[in-house]
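Heads up, the thing below is written out as C-alpha cells.
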Amino acid sequence: MTDFPWLTTLLLVPVVGAAVVALLPRGFARAREVALGFSLLTLLVAFGTLGSFAGSEGGFQLTETYPWIPQFGVSFALGVDGLGMAMILLGTILVPVCLVAAWEDVPAAGRRQQSYFAWMLLLEAFMVGVFAATDVFLFYVFFEAMLVPVYFLIGQFGGPDRARAAMTFLLYSLAGGLIMLVAVIALYLQGPGGSDGFLLERLTGLQIGGTTEALLFLGFFIAFAIKAPLWPVHTWLPLAASESRPATAVLLVGVLDKVGTFGMLRFCLRLFPEASQWATPVVITLAVISVLYGAVLAVGQTDMLRLIAYTSVSHFGFIILGIFAMTQVSGTGASLYMVNHGFTTAALFLIAGMLIARGGSREIAAYGGWQRVTPVIAGSLLVAGLSGLSLPGLNSFVSEFMVIVGSFQRYPVAAVIAALGVILAAVYILLWYKKVATGPLPEAHPAGAATARDMSMREKVVVAPLIAAFLALGFYPRPVIDLLEPAIQSTLQEVGVSEPVPAAEGSDR
Amino acid sequence: MTFTAPEIDYLALLPLIIVIVGGLVGCTLEGVLHRTRRYGVQLPVAVGTLLAALVALATVSTDRTGTTAAGAVAIDGPALLVQGLVLVLAIVGLLVMSERLGGSQPDAFTQAGMSVPGSADEAEATRLGATTTEVYPLTLFSVAGMLLFPAANDLLVMFIALEVLSLPLYVLCGLARRRRLLSQEASLKYFLLGAFSSAFFLFGVTLLYGYAGSMRLDAIAEAVSTRAGMDGLLVPGVLLLAVGLLFKVSAVPFHAWTPDVYQGAPTPVTGFMAACTKVAAFGAALRVFYVAVEGARLEWQPVVAAVAVLTMVVGAVMAVTQTDVKRILAYSSIAHAGFILVGVLAMDAAGISSTVFYLAAYGFMTIPAFALISLVRSGGTEATHVSQWAGLAQRSPWVAAGFSFLLLAFAGIPLTSGFTGKFAVFSAAVATGGWWLVVVGVLASAVTAYIYVRLIVAMYFGDQPGDTVVVTPSALTTFAVVTGVVVTLGLGVLPAPMLELAQSATQFVR
Chain A
1 MTDFPWLTTL
11 LLVPVVGAAV
21 VALLPRGFAR
31 AREVALGFSL
41 LTLLVAFGTL
51 GSFAGSEGGF
61 QLTETYPWIP
71 QFGVSFALGV
81 DGLGMAMILL
91 GTILVPVCLV
101 AAWEDVPAAG
111 RRQQSYFAWM
121 LLLEAFMVGV
131 FAATDVFLFY
141 VFFEAMLVPV
151 YFLIGQFGGP
161 DRARAAMTFL
171 LYSLAGGLIM
181 LVAVIALYLQ
191 GPGGSDGFLL
201 ERLTGLQIGG
211 TTEALLFLGF
221 FIAFAIKAPL
231 WPVHTWLPLA
241 ASESRPATAV
251 LLVGVLDKVG
261 TFGMLRFCLR
271 LFPEASQWAT
281 PVVITLAVIS
291 VLYGAVLAVG
301 QTDMLRLIAY
311 TSVSHFGFII
321 LGIFAMTQVS
331 GTGASLYMVN
341 HGFTTAALFL
351 IAGMLIARGG
361 SREIAAYGGW
371 QRVTPVIAGS
381 LLVAGLSGLS
391 LPGLNSFVSE
401 FMVIVGSFQR
411 YPVAAVIAAL
421 GVILAAVYIL
431 LWYKKVATGP
441 LPEAHPAGAA
451 TARDMSMREK
461 VVVAPLIAAF
471 LALGFYPRPV
481 IDLLEPAIQS
491 TLQEVGVSEP
501 VPAAEGSDR
Chain B
1 MTFTAPEIDY
11 LALLPLIIVI
21 VGGLVGCTLE
31 GVLHRTRRYG
41 VQLPVAVGTL
51 LAALVALATV
61 STDRTGTTAA
71 GAVAIDGPAL
81 LVQGLVLVLA
91 IVGLLVMSER
101 LGGSQPDAFT
111 QAGMSVPGSA
121 DEAEATRLGA
131 TTTEVYPLTL
141 FSVAGMLLFP
151 AANDLLVMFI
161 ALEVLSLPLY
171 VLCGLARRRR
181 LLSQEASLKY
191 FLLGAFSSAF
201 FLFGVTLLYG
211 YAGSMRLDAI
221 AEAVSTRAGM
231 DGLLVPGVLL
241 LAVGLLFKVS
251 AVPFHAWTPD
261 VYQGAPTPVT
271 GFMAACTKVA
281 AFGAALRVFY
291 VAVEGARLEW
301 QPVVAAVAVL
311 TMVVGAVMAV
321 TQTDVKRILA
331 YSSIAHAGFI
341 LVGVLAMDAA
351 GISSTVFYLA
361 AYGFMTIPAF
371 ALISLVRSGG
381 TEATHVSQWA
391 GLAQRSPWVA
401 AGFSFLLLAF
411 AGIPLTSGFT
421 GKFAVFSAAV
431 ATGGWWLVVV
441 GVLASAVTAY
451 IYVRLIVAMY
461 FGDQPGDTVV
471 VTPSALTTFA
481 VVTGVVVTLG
491 LGVLPAPMLE
501 LAQSATQFVR
C-alpha cells in the first residue's frame, strides 16, 4: 500500500463530497447526512494515511509529485512530515465534529443548507492541501483559495455584522497573501529554476543571504503573521470569529489560523534560516506582546466569542514564541500547542455556541447561574476552560510548559514575561465561567433560560470526542510528540542552531 | 523610376481577407434581404465568417510566416496568436450581441440609430420594425482592423488598422436601445478623444519617419541601433506613438473616455470592445516596443513604467469609489491594462508570452461578465447600480454564482485564470528587475479586490428585495457565458497548454 496516493485521495474525497452536496437535487432532505458521511470517509482516509506514515523518520513521506505548470516551474507535489500529518489529523477530526455541531445552523433543507455544508467540505479539502503541499506555489494556491469558502461561510451564514466581518477577513488575508506572492516569485528566481523549481526541496538550503533573504523572509512572515494572527495584525480575528457560526469559527481559528504558524515553521525557518535568526528578537517581542495583550483584552471582553478569539491571540503568541525560540523543546511544544489549541478552541467555541443557541445572546452579562439550568453544558464549559488555562492533566498544560521551558533556555526574560499569560488565562477563563454559570439568574434573563434544555444527544456527540482528546493529550502526549519531534529536529537542523546547553549541566553543585 | 507592385502573400493574409469579405457580404445582405429574414441570415454569416477565418488562420497562415506586402505586414508567432485570440473572443462577443431575449431583433441595439432619442422618427422606425442587424457587418469590419493592427509592420498600415478597428466601434457605441442619450454621448466622446489620440499617433509617425527615413518597423529599429544623435526626433516620436496605443488600451492618463464609454455603450458591445480592442492594441504595442524601438528602451521605458504605475493605482482607487457595475468594470479594465503593461515592460520572451496569456484570461472573463450584466434588469432597462444587485443570489443563484466567480477571477484568486495571468506578468517583471512595479501591482490588486468583494457582498449578503429581475437568456448568451467561465476556470487550474502555446510564439519577424 505504500504506493497508494494517500494524500491526493485525502484531498479529493472532500472535494467530491462538496460537489455532491452542492449538486444534490433541491428537494433532497438528507444533505447533512451526505456531508457528514464524506467527512467521516475523509477521516478514515486520514487514519489510513497515518497508518502508512512512518513516525520515526524526519523529512517528507508519502510524497507524490506530478508536473502541473512546468512553464512556471510548478509541480503538484504533496508530502507530509510529522507536523503536516498532525495538522491534517487535527483538521479531519474537527470537521465531522463541526458538521454535527452545525447540524441545526441552517435547519431548512434546501439550497442554502446544501451550500453551507458544501463550503465546509471544500474548506476541508483546501485545509488538507495547504498542510500537504510541498511545492511553494501549490501551497500559495491553497493558502489563497482557502479564503473563498471561509468568506462565504462567514458572509452568508454569520451574525448581524457578517458582511463587514467577511470583508475584513478577506481583505486582510488577501493583502498578506499578495505581499507573499511577490516573495514567492522572487524566491523562485533565487532558486535553481527550471520546470520543478518551486519544489520545496529545490528551494531549501539556498544560501541567499543579506537583504534579499531578509526581504523574502518578511514577505512570507507578514502573510503568516496576519493569518496566525500576531499582534498588531490580529484585528480581523475577533470580528471574524464573533460573527461566524461557532462551527465556522472552530475551523477558522482552530485549524486555518494554524497555517500561519505552520508556515513559519515550514517556510520561514527552513527557507530563510539566516533571516529568521536576524528577525528573532523582534518576533519574540511581538509574540510576548501578543500573549499579554490577548490575555488582557480577553479579561475585558463582554462578548463570549470575542473573548475566545482574544484567548487565541494570546495562545498564538505562545506558539510563535516557541517556534522562534528555536530550541528542540520549545519547537516541539509549539507544534504540540498547535494541535492542543485546535481542540481547546473547538470545545470553547462550540460550547459557547450551545449557550448562545439557548440564551440567544453573545453577551456574557445575559447569563448567570446556568450551572443549575444546564449543568452538563456548564460542566463541559468548565472542562474546556480548564484546558484553555492549561490545567495540569489536560492537554494544553504539556505544550505550554514545554514552550515556556524551551524558550527559557534561550530567552529567559521573554519566557518569564510570557508566563504571566498563564496567570491571566486563569483570570479570564474563571471570571467567564463564574459570570455565566454561577450566581443567580440575571434579572433580565432571556425568556428561554429557565426552561432551556440541557445538552442534547447530538451535542454530547460533539463534545465527547473533544474532551476525550483533552484527556488523552493531557495524560499521554507521547505518541503525538513522537510524531512531531523529528519534524522539528530537521527544521532546526536546517536553521543550523545548536541546542543551548543548560547552565547546570556538568556542574557538581 | 518605375513602380513595382509588391508581392503579396494572400494566403498569409487569408483570415483578414475572409473577414473583410464577410463584412462586405453582410452589407450587401442588409440591402437585399427582407427585414424579417435579416437576423436569421446575418448571424450565421458573421459567425461563419469568423470561424472560417479562424480555420484559415490555424491551417494556412501558420505555415506562411514572414513579412509580406513589401514588408508592411508581418505574419509571425505573436501576430498569429493575437489574431487567433481576437477571432475567438469576437465569436463569443458576437453571440452575446445577438441575444434577442424573445424579441425579433438583437435586444441591446436601437432600431433607429440616426434618430433623436424620443423623436417621432424613432417611434416610426420602431413601428415599421426596422432591424438592428447592421451591427454584424460593423463588427466584422472592426474585427478586420483588429486582425491587421497587431500584424502591421509599417506605421502607416498600423494607423490604417487603428482607424478601421475604431470607426465601427464608435458607431456601435452609439446604438444602445435604452438610455440612448447616454449611449450617443459615449459614442461622441469616444469618437472625439479617439480622433485626438489618432492625431497624436500620426504626429509620432511623422517624427519617426523624419528620424529613420522609413515607416517600417525594421528600418526604424536599424536606425535606432546605428544612428547616433537625433534623439530629439526619436524620443518624442516614440512617446507620441505610445499615446495613440495607450489610449486604445485605456492606460492612465489616456483613460478618461473609458468609464463613460463602457457605461454608455450597449453592454454586449462594451464586452466585445473591452476584450478585443485590448487584445489587438496590446498586440500592436508589443510589436512597436519590441521590434521598432527596443534599442532605445532606456529613453522611453521609464515613461511607460510611470504610466503603468499610474494606470494600476488610478484604476484601482477610482474603481473603489464607483457605484455603477459597468463603471466598476471599466475602472477595473483600466487597472488590468496596468497589470498587462507590467508584463509588456519585461522586454523579454516571458514578457510577450505573459502579456498574451493575460490578454486571453482577461478577454474570457470580460465578455461573459458584461453579458451577465445585460441580463439584470429593472423596469425594462439594465439595472447597473450596485444597490439594485442586492440579494441577487436568492433570486438567481446561477447568475450570481457565475458573476461572483468572474469577479474572483478579476481579483486574481488562485484557481482562476486571473491569478495565473497575474502570476505570469508579475514573474516576468520580477525576473527582469521590475520588482517595484510588481509591488505596486499587488497593492493595486488588493485595492481592486475590495470593490469586487463588495459586489459579491451585495449579491450574496444583502437582503433588500427590489424590483430587479434577471431575464432568461437564450442559448447564445448561455453558451458564451459558460464558455467564458469554463475557460476562466481552465486557465486557472490547467494553464499549461495555453502557456506553452504563448511561449512557443514569442519570436517577432523583423
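If you read the protein sequences in the order shown, they are chains A and B.
My numbering applies: residue 1 is where the first sequence begins, and numbers increase by one.
My numbering applies: residue 1 is where the second sequence begins, and numbers increase by one.
Think of the CB as a built atom: it goes at the ideal place given N, C-alpha and C, for glycine as much as any other residue.
Any chain B beta carbon closer than 8 Å to residue i
i      : result
I208/A : no
P70/A  : yes
V201/A : Residue identity check: residue 201/A is Glu in the sequence provided, not Val. Answer no: the Cβ-Cβ gap between E201/A and chain B never drops below 8 Å.
Y116/A : no
A175/A : yes
L536/A : Outside the shown range of chain A (1 to 509) lies residue 536/A, about which nothing can therefore be said.
I222/A : no
G528/A : Chain A is shown from 1 up to 509; residue 528/A falls before or after that span and cannot be answered.
D161/A : no
M338/A : no
Y510/A : Chain A is shown only over 1 to 509; residue 510/A falls outside these bounds and no answer can be derived.
I185/A : yes
Buried versus exposed call for residue i [16 or more other C-beta atoms within 10 Å across all chains shown]
i      : result
T139/B : buried
Y520/B : Residue 520/B lies beyond the stretch modelled for chain B, which goes from 1 to 510, so this question has no answer here.
E124/B : exposed
L44/A  : exposed
H34/B  : exposed
W398/B : exposed
L147/B : buried
F201/B : buried
M114/B : exposed
M457/A : exposed
Close beta carbons around residue i, own chain, < 6 Å, minus the five adjacent residues each side
i      : result
L355/A : none
A247/A : C98, A101 and A102
P367/A : It should be pointed out that residue 367/A corresponds to Tyr in this sequence rather than to Pro. Answer for Y367/A: G359 and V436, listed in chain order.
S314/A : V291, G294, A295 and G421
T42/A  : V13, P14 and T92
R178/B : T381
Contacting residues, own chain, Cβ-Cβ under 8 Å from residue i (five flanking each side not counted)
i      : result
Q493/A : none
G402/B : P368, L372, V481 and V485
G205/A : E494
Any C-beta of chain A under 8 Å from that of residue i
i      : result
V309/B : no
A496/B : yes
V279/B : no
I340/B : no
Q503/B : yes
V439/B : yes
V171/B : no
Cβ shell of residue i (< 7 Å), same chain only, five flanking positions each side left out
i      : result
F203/B : L240
V130/A : F139, F142, F143, M146 and V259
G474/A : G393, L394, N395, F397 and V398
R509/A : Because R509/A carries a pLDDT of 41, less than 50, the predicted location of this residue cannot be relied on, and the following value inherits that uncertainty. Hits under 7 Å: none found.
L391/A : F397
(request) For the segment 362-375 of chain B and the segment 83-99 of chain B, state whether three or more C-beta atom pairs, one from each stretch, are separated by less than 8 Å. (result) With the cut-off at 8 Å, the segment 362-375 of chain B and the segment 83-99 of chain B touch.
(request) Taking only runs that begin and end inside the segment 210-290 of chain A, name each unbroken beta strand (DSSP E) of 3 or more residues, in chain order. (result) Fully enclosed beta strand (DSSP E) runs of no fewer than 3 residues are not present anywhere in the segment 210-290 of chain A.
(request) For the segment 71-134 of chain B, list the alpha helix (DSSP H) runs that are entirely contained and at least 4 residues long, ordered along the chain. (result) As for any alpha helix (DSSP H) of minimum length 4 sitting wholly inside the segment 71-134 of chain B, the runs are 77-97 and 120-128, ordered along the chain.
(request) Mind listing, in chain order, the continuous beta strand (DSSP E) runs of no fewer than 3 residues lying wholly within the segment 151-179 of chain A? (result) As far as the segment 151-179 of chain A is concerned, it has no whole beta strand (DSSP E) run of at least 3 residues.
(message) Would the segment 194-213 of chain A count as touching the segment 63-76 of chain A if we require 3 or more Cβ pairs under 8 Å?
(response) Contact holds: three or more Cβ-Cβ distances are below 8 Å.
(request) Only counting runs of 4 or more residues, tell me where the alpha helix (DSSP H) segments fall wholly within the segment 63-110 of chain A, in order along the chain. (result) Counting only runs of 4 or more, we get 82-101.
(message) Tell me whether the segment 479-497 of chain A and the segment 18-35 of chain B touch, counting them as touching only if at least three CB pairs, one residue from each stretch, are closer than 8 Å.
(response) Verdict: no, contact absent.
(request) Jot down the residue ranges of each uninterrupted alpha helix (DSSP H) in the segment 220-283 of chain B, minimum 4 residues, whole runs only, in chain order. (result) Taking 4 residues as the shortest admissible run, the segment 220-283 of chain B contains the following complete alpha helix (DSSP H) segments, listed from N- to C-terminal end: 231-248, 257-264 and 267-272.
(message) Count Cβ pairs between the segment 223-235 of chain B and the segment 184-195 of chain B that sit closer than 8 Å; are there 3 or more?
(response) Cβ pair count under 8 Å is below three, so no.
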